[in-house]
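Q: Have a look at this one.
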Amino acid sequence: TIDESISSPRRRPISMIGCRRSWVRRTLLPCPQACLTTPRKTAGVTMPFEQAHTLDQMMRYWGLGILCEKARSLISSQTEMDRLDFNHMLIMKAIGGKHFLAPVPQETTQRILDIGTGTGIWAVEVSDLFPNAEVLGNDFSAIQPPWVPPNVKFEIDDVESEWVYDHKFDFIFSRYMAASIKDWPKLVRNIHEHLNPNGWAEFQDYDIAFRSDDGTLTEEHQTTKWCNTLIDACNKIGHDPNPGPKLERWVKDVGFTNVVHQSFPIPLGPWPKDPHYKDVGMTNLVHYVDGLEAFSLRAFCAIMGWTKEETLVHLAQVRREMKKGDFHAYITICAKTRMTLARRQALLKGSDRSRLTMMRTYHADLHQNADADSTIDERISSYTATLTSSVLNYPEEHGRRYHAYRPGSYFAPNDEDESDRLDFTHALIRKTLDGELYLAPLQKEKVHRILDIGTGTGICEVSFAQVWSHANGNYSGAIEMGDEFDHAEVIGNDLSAIQPEWTPPNVKFEIDDVESPWLHPSKFDFIFSRYLAGSIGDWPKLVGNVYDNLNPGGWAEFQDYDFLFKSDDGSYKEEHHTWQWNNQFIDATVSIGRESRPGPKLEQWVRDAGFVNVRHFVHKWPIGPWPKDAYYKDIGMCNLIQLLGGLEAFTLRVFCGVLRWPEAKVLVMLAKVRAELKAGTFHSYGNFHVVYGQKA
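Counting in this note's numbering, the sequence shown runs from 274 upward without gaps.
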């Protein structure tokens with residue numbers, strides 16, 4: 274609650290998002306407390322939450338909060354606030370990093386209304402874009418931050434009650450109200466009536482029904498059953514769970530003009546090949562898995578009559594399907610922008626037919642990039658390399674699959690979940706490097722042979738093949754683009770055969786241990802190494818081998834971590850479970866001769882090996898979206914996703930195998946670490962290092 278936030282010295286990091294840097298300018302704006310026992314404003318009628326005992330009343334109060342487990346507000350819990358903020362980031366990713374799409378003029382916009390503001394994150398961030406405008410956010414719950422910019426205020430209100438604002442607005446914004454509104458045409462009409470002439474309104478909302486264009490999601494899947502049951506529950510109490518596709522008709526019916534309808538597919542999981550959709554899909558998967566029980570328990574139990582046990586068993590099956598990625602599914606978010614103009618006809622952006630065609634093409638493009646390539650494990654018989662059973666007979670520990678070749682050389686798994694995490698980390702690193710694969714000043718015409726050591730999924734090799742065969746370095750699908758790129762031979766080696774079977778013809782993969790003797794018949798023009806932290810026993814020897822296997826004038830680049838978490842503001846302390854986990858992990862890897870903090874030492878190793886023209890770059894990776902800066906906020910959220918995705922996988926083997934902890938003890942500790950990371954209780958970061966040098 275707000276009182277608790279004021280009394281506590283720790284403020285939620287999200288309350289700082291988008292606010293001005295001058296702390297002395299911040300104003301504490303009074304906002305009615307909204308705990309469960311506090312009366313709420315409903316069209317002038319005071320009603321305690323305990324009296325809102327019917328399903329309809331609770332839905333009116335809490336929107337999707339009706340779907341929580343207990344008769345308390347889902348939305349007023351810290352977990353749900355974090356999920357809402359996470360969803361904010363997801364939608365911004367999906368629509369191109371923008372808060373809205375309407376062409377709202379900054380100079381003439383004086384009043385902005387955000388209906389169903391939730392945590393207030395959109396209102397606070399938009400206030401910085403419109404510093405001269407008053408930004409008002411309303412919601413059922415007082416879960417917004419107490420410290421906000423002076424041009425922002427929040428009110429407790431029900432948007433389906435009578436609107437009693439004294440002045441009209443220049444921009445009204447509505448987002449993810451799916452399953453919360455009973456009379457959408459009335460709501461849209463209220464918005465139209467409370468806009469000034471020439472004012473804009475924008476709706477961003479879901480069609481939550483899962484779709485699959487390639488038929489991989491079927492009626493037999495538990496995920497389909499879950500989605501259909503959730504939709505039935507909402508329909509049963511008269512709340513539309515799929516407003517997105519209908520918004521355009523509603524806004525035209527009330528008199529809006531200049532209506533534009535855009536549809537954005539949001540994949541469920543990182544199955545697309547396209548880096549943007551892979552990133553959005555992974556974020557959406559985290560969002561769904563994290564909120565699955567909260568969405569479902571009350572809807573299934575109170576509305577559909579399921580028992581709690583039946584629901585939990587069903588949700589476990591759904592969660593397993595979603596994580597496993599057996600199907601290529603997506604949902605859609607629709608964005609409608611429109612303008613109210615006195616005595617002016619609508620100017621529509623193309624016919625309904627052309628809009629629908631565009632939407633179909635958009636989804637087709639998504640699936641053309643679907644990551645349908647078989648892994649080597651799935652089609653061993655057609656793989657071009659000769660692999661012995663000892664290489665492919667992967668051991669399983671703690672429910673995860675690990676390397677068979679040189680077992681114990683690497684602490685992380687090599688299964689599909691880890692492959693997805695590695696590809697996600699690849700996208701994170703490219704974000705960090707402004708979209709670049711490497712920083713070394715290579716001359717394309719002099720590069721004929723490239724080696725990527727510890728290639729992982731091979732995503733980087735395919736990208737290198739594309740870069741070296743196309744002057745502008747444009748990215749496309751590996752299969753289509755690889756045929757054109759024949760200027761450089763690209764070799765990737767790894768302990769595991771987890772690379773795609775079908776690759777560009779100038780790319781090949783080898784199963785090898787980079788710490789064994791190097792037997793390449795020809796030298797290379799560029800050797801690339803990335804995230805080998807915790808994997809190498811003798812780094813100076815490895816760097817020496819890299820140097821020896823380069824042609825004169827060739828370049829090498831090392832991109833790696835300093836795995837020690839840090840905090841500049843003192844918020845990250847020894848008593849935190851994350852601090853204990855981080856330091857024990859480092860100590861464990863050191864005890865077996867594996868360096869988990871190679872980043873800061875790379876420059877010295879490279880110089881000692883004889884490289885010249887050495888450059889060293891250090892990039893901060895926040896852990897979580899706590900920074901105010903948009904770039905670091907994005908990096909921090911991506912880093913948090915990849916860390917949570919791999920936390921259990923790389924800890925169990927190290928703590929159980931090296932420190933000899935019982936598995937149950939490790940899992941308990943990781944639950945505490947995961948809770949701290951999600952709650953954002955501290956401002957920590959790790960450093961990512963890039964060092965490159967040239968062979969004289």
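Glycine residues also receive a C-beta, built at the ideal position from the N, C-alpha and C atoms.
Rounding to the nearest angstrom, what Cα-Cα distance links Ser400 and Ala948 in this structure?
A: Taking the straight line joining both Cα atoms gives about 31 Å.
Q: Find the nearest neighbour of Phe446 within the set Gln590, Gly393, Ile539 and Lys596, judged by alpha-carbon distance.
A: Of the candidates Gln590, Gly393, Ile539 and Lys596, the one whose C-alpha sits nearest the C-alpha of Phe446 is Gly393.
Q: Taking 8 Å as the threshold, find out whether the region 934-953 comes into contact with the region 916-925 through three or more Cβ pairs.
A: Taking 8 Å as the limit for Cβ pairs, the verdict is that the region 916-925 does touch the region 934-953.
Q: Taking the alpha helix (DSSP H) that His850 belongs to, which residues open and close that run?
A: Start and end: His850 to Ser864.
Q: Give the straight-line distance between the Cα atoms of Lys498 and Thr584, rounded to the nearest whole angstrom.
A: Cα to Cα, Lys498 sits roughly 12 Å from Thr584.
Q: When the Cα atoms are used, what is the spatial distance from Lys968 to Phe799?
A: If I take the Cα positions, the gap works out to 10 Å.
Q: If I follow the unbroken beta strand (DSSP E) through Asp725, where does it start and stop?
A: Per DSSP, Asp725 belongs to the beta strand (DSSP E) from Arg722 to Ile726.
Q: Within the same chain, show all residues whose beta-carbon is closer than 7 Å to that of Ser840, passing over the 5 residues directly before and after it, in chain order.
A: Same-chain partners within the cutoff: Phe955, His956 and Ser957.
Q: Helix, strand or coil for Arg880 per DSSP?
A: Three-state DSSP puts Arg880 in a helix.
Q: Just to confirm the assignment: which complete beta strand (DSSP E) runs, minimum length 3, are found wholly within the region 366-419?
A: Qualifying beta strand (DSSP E) stretches, in chain order: 384-388 and 407-412.
Q: Classify Phe529 as helix, strand or coil using the three-state DSSP reduction.
A: Phe529: coil per DSSP, three-state reduction.
Q: Anyone know if the C-beta pair for Asn508 and Tyr449 falls short of 8 Å?
A: Contact flag unset, no.
Q: Can you tell me which residues form a DSSP beta bridge with Gly959?
A: Bridge partners of Gly959: Trp894.
Q: Any contact of the region 546-559 with the region 378-390, i.e. 3+ C-beta pairs under 8 Å?
A: These segments do not touch.
Q: DSSP three-state call for Gly919: helix, strand or coil?
A: DSSP places Gly919 in helix when its eight states are reduced to three.
Q: Kindly give me the distance between the Cβ atoms of Phe797 and Ile726, rounded to whole angstroms, as I take these residues to be in contact under 8 Å.
A: Actually they are not in contact, since the Cβ atoms of Phe797 and Ile726 sit about 10 Å apart, beyond 8 Å.
Q: Using only CA atoms, which one of Trp854, Ile606 and Cys929 lies nearest to Leu520?
A: Considering only alpha carbons, the answer is Ile606.
Q: Where do the ends of the alpha helix (DSSP H) carrying Val816 lie?
A: First-last of the alpha helix (DSSP H) with Val816: Trp812 to Asp821.
Q: Could you check what DSSP says for Tyr603 in three-state terms: helix, strand or coil?
A: Strand.
Q: Can we say the region 469-486 touches the region 509-529, given the rule of at least three CB pairs closer than 8 Å?
A: Yes, the region 469-486 is in contact with the region 509-529.
Q: Output the distance between the C-alpha atoms of Gly471 and Pro376, rounded to the nearest integer angstrom.
A: A small correction: the amino acid at residue 471 is Asn; Gly does not occupy that position in the sequence shown. Whole-angstrom Cα-Cα distance: 11 Å.
Q: So Asp798 is in the beta strand (DSSP E); what residue range does that whole segment cover?
A: Asp798 -> beta strand (DSSP E) spans Phe797 to Arg803.
Q: Given 8 Å as the limit, is there contact between the region 700-714 and the region 884-894, that is, 3 or more CB pairs closer than that?
A: Yes: the two stretches touch, three or more of their Cβ pairs being nearer than 8 Å.
Q: By Cβ distance, which residues of its chain are closer than 8 Å to His721, with the 5 residues on each side in sequence left out?
A: Here the set comprises His760, Ala761, Glu762 and Asp798.
Q: Could you check if Arg870 is buried or exposed, using at least 16 other CB atoms within 10 Å of its CB as the buried criterion?
A: Arg870 is buried by the Cβ-count criterion.
Q: Which residue marks the beginning of the alpha helix (DSSP H) containing Pro548, and which one marks its end?
A: Pro548 to Arg571 is the extent of the alpha helix (DSSP H) around Pro548.
Q: Using 8 Å as the threshold, is the C-beta distance between Gly872 and Asp833 below it?
A: A contact, by the Cβ cut-off of 8 Å.
Q: Would you please state the rounded distance, in angstroms, between the beta carbons of Leu468 and Phe427? I believe it to be under 8 Å.
A: Going by Cβ atoms, the distance from Leu468 to Phe427 rounds to 20 Å, so no, they are not a contact pair.
Q: Is DSSP giving Ala965 helix, strand or coil here?
A: Looking at the sequence provided, one finds Tyr at residue 965 rather than Ala. Strand.
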